[in-house]
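Peer 1:
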Amino acid sequence: MTDVRETATGLPGAAIDLAEMAGRHRGHRHLLSIADLGAEGITDVLRLTDSFVEVSRRAIPKVPALRGKTVVSVFFEDSTRTRLSFETAARRLSADVMTFSASSSSLNKGESLKDTVQTIQAMGVDGLVVRHSGSGVPWQVAGWLDGPSVINAGDGWHEHPTQALLDCYTITRKLGLAPEAGLSGRRIAIVGDIRHSRVARSDVLAFTALGAEVTLVAPPTLLPPSLAGWPVSVSHDLDRVLPTLDVVYVLRLQRERMLEALLPSIREYTATYGLTRRRAALLEEDALIMHPGPVNRGVEIAAEVADQPGSVITAQVSNGVAVRMAVLFLLLGSGVDLAVA
Amino acid sequence: MIRGGRIVDPGGSHPADVLIQDGVITSVTATVGSVPAGTVVLDASGCLVTPGLVDLHTHLREPGREEAETVETGSRAAALGGYTAVVAMPNTEPAMDSAAVIRQVQHLGASALCDVHPAGAITVGREGRMLAPMAEMAALGVRIFTDDGSGVQDSRLMRRAMEYASALGVTLAQHCEDASLAGGGHMHEGEWSSRLGLAGQPAEAEELMVMRDLALARLTGAKMHFLHLSTARSLAMIRGAKHSGLAVTAEVAPHHFTLTDECVATYDSVYKVNPPLRTAGDIEAVKEALADGTADAIATDHAPHTAEAKEAPFDQAPPGMLGLETALGLALTELDLPAERVFALMSWQPAAIAGLSAGHGGPVEAGRPANLCVVDPDEMWTVDPSASASRSRNNPYAGRKLRGRVRHTVLHGEPVVIDGEAQR
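Going down the list, the sequences are from chains Y and R.
Going by the working numbering, the first residue of the first sequence is number -6, and it counts up by one from there.
Going by the working numbering, the first residue of the second sequence is number 50, and it counts up by one from there.
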């Protein structure tokens, strides 16, 4: 059986019971929110990611798992790194990959969002990887389409589920945690512009689902207006939080926030919430420093800190490809290929 | 003739048949014996016969947005909803800010399925900078002025508008929204906007303008009407203002006593509306305001938008939902009020606010214009957006079961709706 499975997917199948895992995810056609997965689903993706990390280390890092499937990246908002990561993941699974990119403004001039995605569906695709500046667009797209899987590659300020998955993978593997332990008892602070951050919303859901204690550190103007229902604590004192942490997760600060009277200046932000060299020294030695990129060196994080040993920013990027392979495989590939097995 | 129903009007409730001739009620008697040959008889058995409903807040979209609604299609939806008169909001293209546009809408309204009373804009182009020619428009019969769609932001300009209007005997109506505090928010700011990653507008954006306009009404003595109030504190301020003797009135919309901001969790832009859907606590406050008289009227804020416009990302979709065909059913189903109170809120009280009491809002008695609505209060029905007479389909109540449906509507003696079917 293992051999057949190995042939069908090209995956080292011994470590994971793929059939059992696929059965649990049969109801998952889309990945819109981290909440779709729950703790068990997240753990499954992380376990599957181990296999794809192994694949990525091969001389020819490619498996036939999604041969004959077509994945299209539909990016209404520019994001070279996320698009490349998804497309690389799809290619390593042997899927055919198409790219659609348009700024939201060009859609305003003519074709509607609904027409655009229905046109793409009509070309015969199995998965759409959707990025849009408007919160909720992947939900709307999933509602308009009949057949293809929709994967949320970031919607507005709302969610970025594969980023959260790669963050969970990076933390658990870098801290050497047992898969079943999740992030139980780990202390993670997310620092910066939580209000406008899809990464923060997905990370809060994922980290807390796995049992972590999450603290949000930001000026009140960069926190969501209400944190009702968020299982987090809040601090405005980064110095006091840092020594307690297993992970400090620094968010990118967009420079236009000053125009909205959310901050007086970049300088003041860096002085109060930036992960400077002095502050980084307050961390435990084995604490991780993370950032979703792209990094504003010298603003939310000092250049030296981004490059210091505890920083796993580059590992986040490389894990991103394997995590996205796992997600694409679970949504598009596991059912079909395991039927062969 | 309307036979076999129970009259409900400002005077009370009693069973009677209603005879109508040449657009006027000629007799209201317990039982009419013989009827002249050729008389149209509308069966009202088991039904309430009431003065036609009056909507203080309808967007008919004409001129300018005829793909979403026209005076004809909107008035047909109104007639099906039991309305014999609607106040047409001025946020058309061009805006109803001049005698010419007012005349155009009045002309279109003359052949509509309900009386159409345009509201004039307070400022030129609804831009909030210069006063619109209110006296010219008032001379054409305009009785309500508003920049609805947005509030008049400039406090000094609003004061001047109130002072100027007070000489004309007209009412100013405000869409209460402090634009800078609302900040272009797409939904109510709170737990759900925070979770959903959508920019919200706080309740205080509405409340600040309610507070300001109450102060200005006190200063100027102007008659003020507050449009579509949606928050508990807005209504509490109106309650207080009425206690202190200010001449203010207020309306609420059906969606603000039936839907909450949690609906937005689907990202379905049919739930995008301005003022936004609020919290369960606000719904309770709206119901309480309707029960204790703080709110004077239920107004639909019927706001048609094409499917193409609504199929945009939530943050780009235009706000607004349909309301004319569901308002009465929602009120009878969702409010714990006797039918007499519901009709007060939907017929004679709004008629008085709009200055239409001569023709609308009853009483149902001989000599009055025959603008009537016949409602079966017990009929159960299911909302089907595709069956709407509106040109648009942005109805948030698809599939909802309602109790109470309009059977007939009579406009100046003409049965424009018979057995739930529009007659033209």
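The beta carbon of each residue, even a glycine, is placed where N, CA and C say it ideally should be.
Check whether the Cβ of A361/R lies closer than 9 Å to any Cβ atom in chain Y.
Peer 2: A361/R counts as touching chain Y.
Peer 1: Can you find the residues in the same chain that come closer than 8 Å, C-beta to C-beta, to E226/R, ignoring five residues on each side of it along the sequence?
Peer 2: Around E226/R: S199, G200, Q250, A254, E255, M258, N323, P324.
Peer 1: What do you get for K321/R, buried or exposed, if any count of 16 or more other CB atoms within 10 angstroms of its CB means buried?
Peer 2: That one is buried.
Peer 1: From the beta carbon of R244/R, is the nearest beta carbon of chain Y less than 9 Å away?
Peer 2: Answer yes: the Cβ-Cβ gap between R244/R and chain Y drops below 9 Å somewhere.
Peer 1: Since P217/Y meets chain R, which of its residues come closer than 7 Å, beta carbon to beta carbon?
Peer 2: In chain order: S243.
Peer 1: Suppose only complete runs of 3+ residues qualify. What are the beta strand (DSSP E) ranges in the region 93 to 163 of chain Y, listed by chain order?
Peer 2: With a minimum length of 3 residues, the continuous beta strand (DSSP E) runs that stay inside the region 93 to 163 of chain Y are 120 to 125, 142 to 148.
Peer 1: State the DSSP-derived secondary structure class of Y316/R, mapped to helix, strand or coil.
Peer 2: Here Y316/R sits in coil by DSSP.
Peer 1: What does a CB cutoff of less than 6 Å around G294/R pick up in its chain, not counting 5 residues either side in sequence?
Peer 2: Correct list: empty, nothing qualifies.
Peer 1: Thinking C-alpha only, which one of A296/Y, L244/Y, A295/Y, N145/Y is nearest S390/Y?
Peer 2: There is no way to answer for residue 390/Y, as the model of chain Y reaches only from -6 to 334.
Peer 1: Which residue's Cα is closest to the Cα of A348/R: H304/R, D92/R, H354/R, E357/R?
Peer 2: The residue with the shortest Cα to Cα distance from A348/R is H304/R.
Peer 1: Would you call D341/R buried or exposed, if buried means 16 or more other Cβ atoms sit within 10 Å of its Cβ?
Peer 2: Exposed, because fewer than 16 other Cβ atoms sit within 10 Å of the Cβ of D341/R.
Peer 1: Count the other C-beta atoms from every protein chain shown that fall within 10 angstroms of the C-beta of H156/R, then say buried if there are 16 or more, exposed otherwise.
Peer 2: So H156/R counts as exposed.
Peer 1: List the residues of chain Y whose Cβ lies closer than 8 Å to the Cβ of G369/R, in chain order.
Peer 2: Those do not exist, as G369/R stays about 18 Å from chain Y at its closest Cβ, beyond 8 Å.
Peer 1: Check whether chain Y comes within 9 Å of P251/R, counting only Cβ atoms and requiring the distance to be less than that.
Peer 2: Yes, its Cβ sits closer than 9 Å to a Cβ of chain Y.
Peer 1: State whether the region 34 to 47 of chain Y contacts the region 167 to 178 of chain Y, with contact taken as three or more CB pairs (one from each stretch) at a distance under 8 Å.
Peer 2: Yes, they touch.
Peer 1: Return the residue from the list A222/R, A266/R, A393/R, L460/R that minimises the CA-CA distance to V57/R.
Peer 2: Ranking A222/R, A266/R, A393/R, L460/R by Cα distance to V57/R puts A393/R first.
Peer 1: Span of the beta strand (DSSP E) holding Y132/R?
Peer 2: Start and end: 132 to 137.
Peer 1: Whose C-beta lies closer than 8 Å to the C-beta of P236/Y among residues of the same chain, with five residues either side of it excluded?
Peer 2: Hits under 8 Å: L275, L276, E277.
Peer 1: Name the residue from A314/R, D433/R, P368/R whose alpha carbon lies nearest to the alpha carbon of G233/R.
Peer 2: Checked all of A314/R, D433/R, P368/R; the closest Cα to G233/R is P368/R.
Peer 1: Taking G72/R as the reference, which of S215/R, A144/R, E414/R has the closest Cα?
Peer 2: Selected option, being the one with the closest Cα: E414/R.
Peer 1: Assuming V56/Y contacts L24/Y (C-beta within less than 8 Å), just tell me the rounded distance between them.
Peer 2: Actually they are not in contact, since the Cβ atoms of V56/Y and L24/Y sit about 20 Å apart, beyond 8 Å.
Peer 1: Return the bridge partner residues of T208/Y from the DSSP annotation.
Peer 2: In the DSSP output, where bridge partners are listed per residue, T208/Y has A182/Y, S226/Y.
Peer 1: Go ahead and label G117/Y buried or exposed: buried means 16 or more other beta carbons lie within 10 angstroms of its beta carbon, across all protein chains shown.
Peer 2: Exposed.
Peer 1: Could you tell me which whole alpha helix (DSSP H) segments of length 4 or greater appear in the region 342 to 410 of chain R?
Peer 2: 356 to 359, 376 to 383, 388 to 392, 398 to 402, all fully within the region 342 to 410 of chain R.
Peer 1: Give a yes or no on whether the C-beta atoms belonging to V165/R and A187/R are separated by under 9 Å.
Peer 2: No; because the gap between Cβ atoms is not below 9 Å, this pair is not in contact.
Peer 1: Using a Cβ-Cβ cut-off of 8 Å (strictly less than) and excluding sequence neighbours within five positions of A329/R, which residues of its own chain qualify?
Peer 2: T309, listed in sequence order.
Peer 1: What does DSSP give as the partner residue(s) for A99/R in the beta ladder?
Peer 2: Sequence check: residue 99/R is Thr here, not Ala. According to DSSP, T99/R bridges with C422/R.
Peer 1: For H156/R, report the span of its beta strand (DSSP E) as first-last.
Peer 2: From DSSP, H156/R is part of no beta strand (DSSP E) but of the alpha helix (DSSP H) over 148 to 159.
Peer 1: Does Y213/R get closer than 9 Å to chain Y when you measure Cβ to Cβ?
Peer 2: Not an interface residue.
Peer 1: Express the C-alpha separation of L158/Y and G147/Y in angstroms, rounding to a whole number.
Peer 2: Taking the straight line from one Cα to the other gives about 13 Å.
Peer 1: Would you decide whether G54/R is buried or exposed? Buried here means 16 or more other CB atoms lie within 10 Å of its CB.
Peer 2: Buried.
Peer 1: How long is the line joining the alpha carbons of S215/R and Q223/R, rounded to whole angstroms?
Peer 2: S215/R and Q223/R: Cα-Cα distance of roughly 15 Å.
Peer 1: In whole angstroms, what is the alpha-carbon distance linking S98/Y and D139/Y?
Peer 2: Note that S98/Y has pLDDT 47, beneath the 50 cutoff, so the model's placement of it is unreliable and no number is given.
Peer 1: Does the separation of the CB atoms of R194/Y and E152/Y fall below 9 Å?
Peer 2: The answer is yes: Cβ separation under 9 Å.
Peer 1: Beta-carbon within less than 6 Å of R179/Y's beta-carbon, same chain only, minus the 5 sequence neighbours each way: which residues are those?
Peer 2: For R179/Y, where only same-chain residues beyond five positions count, the Cβ hits under 6 Å are A205, D239.
Peer 1: Can you list, in chain order, the residues of its chain whose CB lies under 6 Å from that of R250/Y, leaving out five sequence neighbours each side?
Peer 2: Excluding residues within five positions, the ones whose Cβ falls inside 6 Å are L256.
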